[in-house]
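Accompanying notes for the structure given below.
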Amino acid sequence: MGVSPDDVAKHKKFEDKHQLPFVLLADPERKIIEQYGVWGEKQLYGRKYMGLLRTTFVIDEKGVIRKIFLKPKSKEHAAEIIAAWDALKA
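Spelled out as structure tokens, the structure:
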């Protein structure tokens, strides 16, 4: 599952474009995002602003967070998630 502050329409467009094999949850009020502590100060070209801190949580069947990836890199991240999940099952 992916969560972002974007609205449902924006998520639908993104899902359709990228043919995602998982659900995107719209959280424009940032309730879930703030509960997981992933809304915070960011910086780009010296300008500070509040935004979503890219983070991945691997959560087991009981709802326990088993691994956290901070600032994941897109290209290799899917393989990292699969490896983390496989390690939990071992």
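Following my numbering, the numbering of the sequence shown begins with 3 at its first residue and continues without gaps.
The C-beta atom is built at its ideal place from N, Cα and C for all residues, glycine as well.
Computed from a predicted model, the values in this text were never measured in an experiment.
On the DSSP bridge list, what partners appear for residue i?
i	result
A28	S6
R56	DSSP lists no partner for R56.
V71	Residue identity check: residue 71 is Phe in the sequence provided, not Val. Note: F71 sits in a beta bridge opposite T58.
Under 9 Å, do residue i and residue j count as touching if we go by C-beta distance?
i	j	result
K44	Y51	yes
I34	V5	yes
R49	W41	no
Can you tell me whether residue i is helix, strand or coil according to DSSP?
i	result
Q180	Since the first residue of the chain shown is 3 and the last is 92, residue 180 is not available in this structure.
K64	coil
Under the assumption that residue i contacts residue j (Cβ atoms under 8 Å), give the Cβ distance between them as a whole number of angstroms.
i	j	result
T57	I70	6 Å
P7	L54	6 Å
Count the other C-beta atoms from every protein chain shown that fall within 10 angstroms of the C-beta of residue i, then say buried if there are 16 or more, exposed otherwise.
i	result
I84	exposed
W13	The residue you asked about is not Trp; residue 13 is His in the sequence shown. So H13 ends up on the buried side.
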